[in-house]
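Per this note's numbering, the very first residue in the sequence shown carries number 4; after that it's consecutive.
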Amino acid sequence: MICPACEHNMTEKEIQQIKVDVCAGGCGGIWFDGHELKKIDEPHEAVGQDLLEVEYDPEVVVDESQRRDCPHCDAIVMMRHFSSIKREVEVDECPSCGGFFLDRGELNSLREQYSSEEDRSEAANKMFGDMFDDDLEDVHEAGRQRVEAGKRLSRMFRFLLPSYYIPGKQKWGVY
Ligand SMILES: [Zn+2]
Ligand SMILES: [Zn+2]
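This is the structure we're talking about:
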């Protein structure tokens, strides 16, 4: 798979049974397949850190103002998506396959913004409250699709930002 941001060849990586494609040796971005995201239902501990350890080339500069093509689909331009928790984080979402691309810088800022357990559980509660309390029966088709996209997005954050924190348990120590 070709990286949508820097056109480097991406590497498949399996982290706690979830397959992601990382732009190792390129921009360090991450691709989440829509089907893989459906598998995320339990909090995953510290996976974001594994993704930050991906080797990347600091010389690679990505143009964040460019719309990007989905690396999975043919000729589908991804939508830029903003999450509204705490501070805006940008992801690219494919309207066709439901995959997400996250820049390395965005992953970094997510980790920094949610460095305490309080912050993470607050964000998780807010996110899941907003996204799963919906009354699906009244939602028409377009709305239903947004709800599904929201669920995938929240699963991605859940994967990246475990809502619990056990001091001393992380291999990189307390941060
Ligand atoms: Zn890349
Ligand atoms: Zn796609």
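Glycine is no exception: its CB is placed at the ideal position from the N, C-alpha and C atoms.
This structure is a prediction, so every number in the text was calculated from the model and none was measured.
- For residue 41, the uninterrupted alpha helix (DSSP H) segment begins and ends at 37–41.
- For the set 110, 54 and 30, the Cα lying nearest the Cα of residue 18 is the one of 54.
- Shortest gap from the CB of residue 8 to any heavy atom of ligand 1: under 7 angstroms.
- Between residue 40 and residue 110, the gap from beta carbon to beta carbon reaches 8 angstroms or more.
- Taking C-beta atoms as the reference points, residue 97 and residue 65 fail to come closer than 8 angstroms.
- Near ligand 2, residues with a Cβ at less than 6 angstroms from any of the ligand's heavy atoms are 73, 75, 76, 79, 97, 99, 100 and 102; the list follows chain order.
- Beyond the five residues adjoining it in sequence on each side, residue 14 comes within less than 6 angstroms, by CB distance, of 25 and 27 in the same chain, given in chain order.
- The Cβ-Cβ distance between residue 33 and residue 105 falls below 8 angstroms.
- About 7 angstroms separates the CB atoms of residue 84 and residue 156; that is less than 8 angstroms, so the two are in contact.
- At a Cβ-Cβ threshold of 8 angstroms, residue 82 and residue 7 do not count as neighbours.
- CA-CA distance, residue 78 to residue 99, rounds to 10 angstroms.
- Taking the Cβ of residue 108 as the reference point, every heavy atom of ligand 1 lies at 7 angstroms or farther away.
- Residue state for residue 83 is assigned as strand, using DSSP reduced to three classes.
- Between residue 74 and residue 5, the C-beta gap is smaller than 8 angstroms, which places the two residues in contact.
- Assigned with DSSP and collapsed to three states, residue 63 falls in coil, not helix or strand.
- DSSP lists 17 as the bridge partner or partners of residue 22.
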